[in-house]
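Enquirer: Count the sequence shown with the numbering used here and you get residues 222 to 516, in order.
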Amino acid sequence: MERKLDMDAFGAAALTAFALHLAFNQVVIKVTAGGFSPVFAAGIRSAGAVLVLIVWMYLRGVSWRMPRAALPWAVVSGLLFAFEFMCLYNALDLSTVSRSSVIFYSMPLWLALASIVLLPEERMTRRKALGLALAFSGVVIALAERGGGQVSWAGDLLAVCSAMCWAGIALVVRVTPLADVPPEQQLISQVLVSAPILLLLAPFFGPLLRDIQPIHVAGMAFQIIAVASLGFLAWFWLMKRYPANSVASFSFISPVASVLLGWILLGEQIAASIWVALVLVAAGITLINRKPKRV
Numbered sequence: 222m223e224r225k226l227d228m229d230a231f232g233a234a235a236l237t238a239f240a241l242h243l244a245f246n247q248v249v250i251k252v253t254a255g256g257f258s259p260v261f262a263a264g265i266r267s268a269g270a271v272l273v274l275i276v277w278m279y280l281r282g283v284s285w286r287m288p289r290a291a292l293p294w295a296v297v298s299g300l301l302f303a304f305e306f307m308c309l310y311n312a313l314d315l316s317t318v319s320r321s322s323v324i325f326y327s328m329p330l331w332l333a334l335a336s337i338v339l340l341p342e343e344r345m346t347r348r349k350a351l352g353l354a355l356a357f358s359g360v361v362i363a364l365a366e367r368g369g370g371q372v373s374w375a376g377d378l379l380a381v382c383s384a385m386c387w388a389g390i391a392l393v394v395r396v397t398p399l400a401d402v403p404p405e406q407q408l409i410s411q412v413l414v415s416a417p418i419l420l421l422l423a424p425f426f427g428p429l430l431r432d433i434q435p436i437h438v439a440g441m442a443f444q445i446i447a448v449a450s451l452g453f454l455a456w457f458w459l460m461k462r463y464p465a466n467s468v469a470s471f472s473f474i475s476p477v478a479s480v481l482l483g484w485i486l487l488g489e490q491i492a493a494s495i496w497v498a499l500v501l502v503a504a505g506i507t508l509i510n511r512k513p514k515r516v
């Protein structure tokens, strides 16, 4: 596969579409919760993704054999994945899409903080410090806003935990032997480990099924096929084809689109402070990820 040094029109269009795809998925998760309890829904999604990925890997001839050194980290990645989506699905059940998305997509903030502590090569610069301050201020403003629509401290804190788990997965994939295995193996290890954990824990979070309707089943199928398996594989493909920083920059579209879709499709009330928080988080993450100018 040809490696691109710069973003082209196809890459920009594909990454924009994928960012909108992820934003729409936040709405789908919220709607699907009307038929499935959150943890049970997350477990079904992981279990379904395992089946899709098995077929995909068979057709593509991707080996299941993973280096022994990577196996423990594959389990760690799967545990983080399970906790991430247990938290996110419950957060979206308890709070609005707009609030949860602003907090959840602060992930690069937590990744940058962890990298500074755990990776010696990650230096703290004034630009990065300003970015961290802006993004953290945005998260604080989002947490402080308690008016307008469905508001829950539990939901907000779960969204924070979910973002931290996502950052943990990114760190594990970056600095451990798991970085050397194919994307398909990385992804299937996450869903393979998380599926039984989530399904076993689901009964402790209330009835597994709610008022299930065809729209909820369709939403679950969308999450399994279009997001948790083929969607993430498409993202891995784009990451391998285009520069990582260029790919990451398109992720800033997702929280903006999530807020707008929550308002348009679900009629959510969006306080002015949420828009301020969104701008601060996006600006901060932009500064954190921007490459320094070459002298």
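The beta carbon of each residue, even a glycine, is placed where N, CA and C say it ideally should be.
Helix, strand or coil for Leu340, going by three-state DSSP, please let me know.
Expert: In the structure shown, Leu340 sits in coil (DSSP, three-state: anything other than H, G, I, E or B).
Enquirer: Just tell me which of Trp331, Ala303, Gly389 and Ala238 has its CA closest to the CA of Ser410.
Expert: Comparing Cα positions, the closest option is Ala303.
Enquirer: Can you grab the Cα-Cα spacing for the pair Ala233 / Lys349, in whole Å?
Expert: Distance between the alpha carbons of Ala233 and Lys349: 25 Å.
Enquirer: Tell me, please, whether the region 291-311 touches the region 354-365 by the rule of three or more beta-carbon pairs shorter than 8 Å.
Expert: They do not touch, by the three-pair rule.
Enquirer: If you draw a straight line from the C-alpha of Ile433 to the C-alpha of Ser373, how long is it?
Expert: So the two alpha carbons sit approximately 24 Å from each other.
Enquirer: So, are the CB atoms of Val448 and Asn246 less than 8 Å apart?
Expert: Contact: yes.
Enquirer: Using CA coordinates, which residue listed in Lys225, Ala240, Gly389 and Gly256 is at the minimum distance from Gly440?
Expert: Selected option, being the one with the closest Cα: Gly256.
Enquirer: Roughly how many whole angstroms lie between the Cα atoms of Thr397 and Gly488?
Expert: Their backbone Cα atoms lie some 43 Å apart in a straight line.
Enquirer: For Leu430, which of helix, strand or coil comes out of DSSP?
Expert: Three-state result, Leu430: strand.
Enquirer: Could you name each continuous beta strand (DSSP E) segment of 3 residues or more that falls completely within the region 295-330, going from the start of the chain to the end?
Expert: The qualifying runs do not exist here; there are none.
Enquirer: Please tell me whether Ile275 and Gln444 are closer than 8 Å, where the distance is taken between their beta carbons.
Expert: No, the Cβ-Cβ distance between Ile275 and Gln444 is not below 8 Å.
Enquirer: Using the rule of at least 16 other Cβ atoms within 10 Å of the residue's Cβ for burial, across every protein chain shown, is Tyr279 buried or exposed?
Expert: With fewer than 16 Cβ atoms within 10 Å of its Cβ, Tyr279 is classed as exposed.
Enquirer: Do Ala416 and Val271 have their CB atoms nearer than 8 Å?
Expert: Yes, Cβ-Cβ distance for Ala416 and Val271 is below 8 Å.
Enquirer: Kindly indicate which residue of Leu353, Ile506, Phe325 and Leu340 has the alpha-carbon position closest to the one of Asp377.
Expert: Comparing Cα-Cα distances from Asp377 to each of Leu353, Ile506, Phe325 and Leu340, the minimum goes to Phe325.
Enquirer: Alpha carbon to alpha carbon, how far is Val412 from Ile446? Give it in angstroms, no decimals.
Expert: Rounded to the nearest angstrom, the two C-alpha atoms are 13 Å apart.
Enquirer: Which residue from Ala492, Ile474 and Thr507 puts its Cα closest to that of Ala240?
Expert: Comparing Cα positions, the closest option is Ile474.
Enquirer: How many angstroms separate the CA atom of His437 from the CA atom of Phe457?
Expert: Cα to Cα, His437 sits roughly 28 Å from Phe457.
Enquirer: Classify Ala503 as buried or exposed, calling it buried when 16 or more other Cβ atoms lie within 10 Å of its own Cβ.
Expert: Buried: at least 16 other Cβ atoms inside 10 Å.
Enquirer: Please report the distance separating the alpha-carbon of Val516 from that of Val497.
Expert: Residue placement at Val516 is flagged as unreliable, the pLDDT there being 44, under the threshold of 50; the coordinate-derived value follows with that caveat. Approximately 34 Å between the Cα atoms of the pair.
Enquirer: Buried or exposed: which applies to Ala493, given that a residue is buried once 16 or more other Cβ atoms fall within 10 Å of its Cβ?
Expert: Under this definition Ala493 is an exposed residue.
Enquirer: Are the CB atoms of Ala244 and Trp420 within a distance shorter than 8 Å?
Expert: The displayed chain sequence assigns Leu, not Trp, to residue 420. Not a contact, by the Cβ cut-off of 8 Å.
Enquirer: Judging by CA-CA distance, which residue of Arg347, Arg320 and Asp401 is the nearest neighbour of Ala380?
Expert: It is Arg320 whose Cα lies nearest to the Cα of Ala380.
Enquirer: Measure from the alpha carbon of Met460 to the alpha carbon of each residue in Trp331, Pro403 and Ser327, then state which is nearest.
Expert: When only C-alpha atoms are compared, the closest one is Pro403.
Enquirer: Could you tell me if Met328 is buried or exposed, where buried requires 16 or more neighbouring beta carbons within 10 angstroms of its beta carbon?
Expert: Classification of Met328: buried, given that the 10 Å Cβ count is 16 or more.
Enquirer: Is the beta carbon of Val500 within less than 7 Å of some heavy atom of the ligand NAP?
Expert: Summarising the ligand content, the structure contains no ligands, and the ligand NAP is consequently not present.
Enquirer: According to the neighbour-count rule (16 or more other Cβ atoms, all chains shown, within 10 Å of its Cβ), is Arg266 buried or exposed?
Expert: By the neighbour-count rule (16 or more Cβ atoms within 10 Å), Arg266 is buried.
Enquirer: Around the Cβ of Asp314, are there at least 16 other Cβ atoms within 10 angstroms (buried) or fewer (exposed)?
Expert: By the 10 Å Cβ count, Asp314 comes out buried.
Enquirer: Quick check on the burial criterion: 16 or more other C-beta atoms within 10 angstroms. Buried or exposed for Ser316?
Expert: Buried, since its Cβ has 16 or more Cβ neighbours within 10 Å.
Enquirer: Going by the beta-carbon positions, is the gap between Val318 and Leu482 smaller than 8 Å?
Expert: Yes. Within cutoff.
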